[in-house]
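J.:
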Amino acid sequence: MLSEKVKKKVLPYGEFLEPFTVNGTTFDFFAHLEISLVHTTFFMKDYEIRSFLYIFGKRYQKLILNDFEDLWNIFPRVSRKLLKTPQDHYLSSFILLLEAEETEETVKKAVRNSFISKSIWFGFKGSYNVGVTLFLNDEIICSEEIKPYTSWIFET
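Going by this note's numbering, the first residue of the sequence shown is number 1, and it counts up by one from there.
#1: Would you list the one or two residues that DSSP bridges to K62?
#2: If you draw a straight line from the C-alpha of R59 to the C-alpha of T41, how long is it?
#3: Within 10 Å of its beta-carbon, does I95 have 16 or more other beta-carbons around it, so buried, or fewer, so exposed?
#4: Around the C-beta of G24, are 16 or more other C-beta atoms found within 10 angstroms, so that it is buried, or is it exposed?
#5: Please return the same chain residues whose Cβ sits closer than 6 Å to the Cβ of N129, not counting the five positions on each side in sequence.
#6: May I have a chain-ordered list of the beta strand (DSSP E) segments no shorter than 3 residues that lie completely inside the stretch 120 to 155?
#7: Of all the options A31, K147, L71 and W152, which has the alpha carbon lying nearest to the alpha carbon of L82?
#8: Just curious, the beta strand (DSSP E) that E15 is in, first and last residue?
#9: Tell me whether the beta-carbon of G57 lies closer than 8 Å to the beta-carbon of S119.
#10: Sorted by chain position, which residues of the same chain lie with C-beta nearer than 6 Å to V22's C-beta, five sequence neighbours on each side aside?
#11: Who are the Cβ neighbours of I64 in its own chain at under 8 Å, not counting the five residues just before and after it?
#12: For E99, is the classification buried or exposed, using 16 other Cβ atoms within 10 angstroms of its Cβ as the cut-off for buried?
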């Protein structure tokens, strides 16, 4: 089960909740990680980039296009409820991680095209990414932009 994989990877470093409800929408699980990257020049701190990774999971027996579109339409609003904007530079990434036993080809195409990226202050302050990954039996379907954010979950 996908939730167990995520839980095993996240718990040593972050937060994992089952189930999770935000803004009237219930997810099977929620995971949150915060990572800081400090850039230094000549042993002096130039700036710090804080990365926030939020993973929302939902499981379906059969994922149909209407269910996916309904969830994708509300997901950016749900993610903005949890968005943090610290003083320094930041990157907030919200991943909708779906697990299904079967789905339609149109859903696969929609998932591959589901990615939003917005810069704050032309990228000087930070950025906000929203994307979807579908785990279909042993197949991982997502946009190229979101792969770096979820590939570590599926590594053994």
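Heads up, the beta-carbon is just placed ideally off N, CA and C, and yes, glycines get one too.
T.: Quick look at the numbers:
#1: Under DSSP, the beta-bridge partners assigned to K62 are E102.
#2: Those two C-alpha atoms are separated by around 45 Å.
#3: With 16 or more Cβ atoms within 10 Å of its Cβ, I95 is classed as buried.
#4: Under this definition G24 is an exposed residue.
#5: Correct list, in chain order: S93 and S117.
#6: Complete beta strand (DSSP E) runs here, min 3: 126 to 136 and 139 to 142.
#7: Among A31, K147, L71 and W152, the Cα nearest to that of L82 belongs to A31.
#8: Residue range E15 to L17 is occupied by the beta strand (DSSP E) that includes E15.
#9: At the C-beta level, G57 and S119 stay beyond 8 Å of one another.
#10: Hits under 6 Å: V78 and K81.
#11: Closer than 8 Å at Cβ, skipping near neighbours: T103, E104 and V107.
#12: So E99 ends up on the buried side.
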